[in-house]
Amino acid sequence: LVIITNGVLIANELALKTKHHITLVGGTILPSTKSTLGSSAEEMLRNYHADFAIMSTAALDVNFGFSEQVEDQSRVKQIMIANANQSIVMVDHSKFDKISLYRTCGLSDVDVVLYNGSLDPKYAKMAPDTTFCNVDSIH
6 LVIITNGVLI ANELALKTKH HITLVGGTIL PSTKSTLGSS AEEMLRNYHA
56 DFAIMSTAAL DVNFGFSEQV EDQSRVKQIM IANANQSIVM VDHSKFDKIS
106 LYRTCGLSDV DVVLYNGSLD PKYAKMAPDT TFCNVDSIH
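For the sequence shown, the working numbering begins at 6 and goes up steadily by one.
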């Protein structure tokens, strides 16, 4: 398994606890998220293809879609989504019906949304081809 991440803490945990091949994307580290961003990270990610792009989001609104507080974070996620066979976004229930500053993509631009709590039916109606999976029911 090859794991490509811009998450510094994620790369460190995986390197310590697994035997997988870990690639940490280069770039400028954003202190608040401990992730690498910027033109170097974007250029590096453009050269990779992934079976799965798994990411979080700062906010999700049924009309605005997924969004982030930092523009560079949105751009990195846009590249990851474009270069993956399947995109999976993890959304905490507190991030629904919220809009952050920079739009990453629309709701129907991702393949799977993993969420906790309850899901307003308007989300599934807006993106009928997106799979919504409540992780509360996974044991």
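Even glycine gets a Cβ: it sits at the ideal position worked out from N, Cα and C.
Grab the span of the alpha helix (DSSP H) containing residue i for me, first residue to last.
i: D77; result: E76 to A87
Go ahead and pull the three-state DSSP assignment for residue i.
i: Y120; result: strand
i: A55; result: strand
i: V7; result: strand
i: D141; result: helix
i: D169; result: Beyond the ends of the chain as shown, which are 6 and 144, falls residue 169; an answer cannot be given.
i: A72; result: In the sequence as presented, Ala is not what sits at residue 72; that position holds Ser. Strand.
i: I34; result: strand
Can you check whether the CB of residue j is closer than 8 Å to the CB of residue i?
i: V117; j: Q91; result: yes
i: T33; j: L42; result: yes
i: I27; j: D66; result: no
i: L35; j: V81; result: no
Measuring only the C-alpha atoms, how far is residue i from residue j?
i: S40; j: V13; result: 6 Å
i: I9; j: R51; result: 12 Å
i: G31; j: K100; result: 28 Å
i: H98; j: H25; result: 31 Å
i: C110; j: S72; result: 7 Å
i: V115; j: D134; result: 9 Å
i: L106; j: A55; result: 27 Å
i: S61; j: I143; result: 18 Å
i: K130; j: T136; result: 11 Å
Determine the burial state of residue i: buried for a count of at least 16 other Cβ atoms within 10 Å of its Cβ, exposed for fewer.
i: G122; result: exposed
i: V7; result: exposed
i: N11; result: buried
i: L112; result: buried
i: V96; result: buried
Along the chain, where does the beta strand (DSSP E) containing residue i start, and where does it finish?
i: A63; result: First-last for A63: undefined, no H or E at that position.
i: I27; result: H26 to L29
i: L42; result: S40 to L42
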